[in-house]
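Residue 63 in UniProt numbering sits at position 63 of the sequence shown, with consecutive numbering throughout. C-beta atoms are modelled at their ideal positions from N, C-alpha and C, and glycine is treated no differently. Here's the structure we're looking at; comments come further down.
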Amino acid sequence: MTHFNSATANGQLADNEVLEVIKAVNNTWALCVPDKFAYPTETTVITNAYSKFADWAHDQSSTTDWYKTVSSDKVIQY
Numbered sequence: 001m002t003h004f005n006s007a008t009a010n011g012q013l014a015d016n017e018v019l020e021v022i023k024a025v026n027n028t029w030a031l032c033v034p035d036k037f038a039y040p041t042e043t044t045v046i047t048n049a050y051s052k053f054a055d056w057a058h059d060q061s062s063t064t065d066w067y068k069t070v071s072s073d074k075v076i077q078y
């Protein structure tokens with residue numbers, strides 16, 4: 001499987017194909033958050049800033065509001 005190609009760049013992959021790319025590299029490369037999102041500080045891993053992110057990343061049907069549980073001292077405040 002190619003991890004990056006024109007279909008990936010253009011968002012033309014089916015949902016299951018996107019999940020396979022994520023699983024293949026064991027990391028999430030992009031997020032679409034339906035609300036305001038504070039980025040983790042430069043040296044903070046997202047799982048340290050958002051305690052429920054790992055649960056959501058493992059099983060997208062649980063903790064769908066992971067972005068609402070944030071450690072405010074570990075994100076950039078706007």
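Go through its chain and collect everything with a Cβ distance to residue i's Cβ below 6 Å, but skip five positions before and after it.
{"i": "residue 46", "result": "40 and 53"}
{"i": "residue 56", "result": "63 and 66"}
Starting from the C-beta of residue i, find all residues in its chain whose C-beta is less than 8 Å away, skip the five residues before and the five after it, and write them out in chain order.
{"i": "residue 75", "result": "38, 39, 40, 41, 44 and 49"}
{"i": "residue 33", "result": "67"}
{"i": "residue 65", "result": "52"}
{"i": "residue 71", "result": "48, 49, 50 and 51"}
Can you round the beta-carbon distance between residue i and residue j to whole angstroms, since I take them to be within the 8 Å contact cut?
{"i": "residue 78", "j": "residue 35", "result": "No, residue 78 and residue 35 are not in contact; Cβ-Cβ is about 13 Å, not under 8 Å."}
Can you tell me the Cα-Cα spacing of residue i and residue j, whole angstroms?
{"i": "residue 30", "j": "residue 73", "result": "23 Å"}
Give every residue of the same chain whose Cβ lies closer than 7 Å to the Cβ of residue i, excluding the five residues on either side of it in the sequence, and list them in chain order.
{"i": "residue 59", "result": "none"}
{"i": "residue 69", "result": "50, 51 and 52"}
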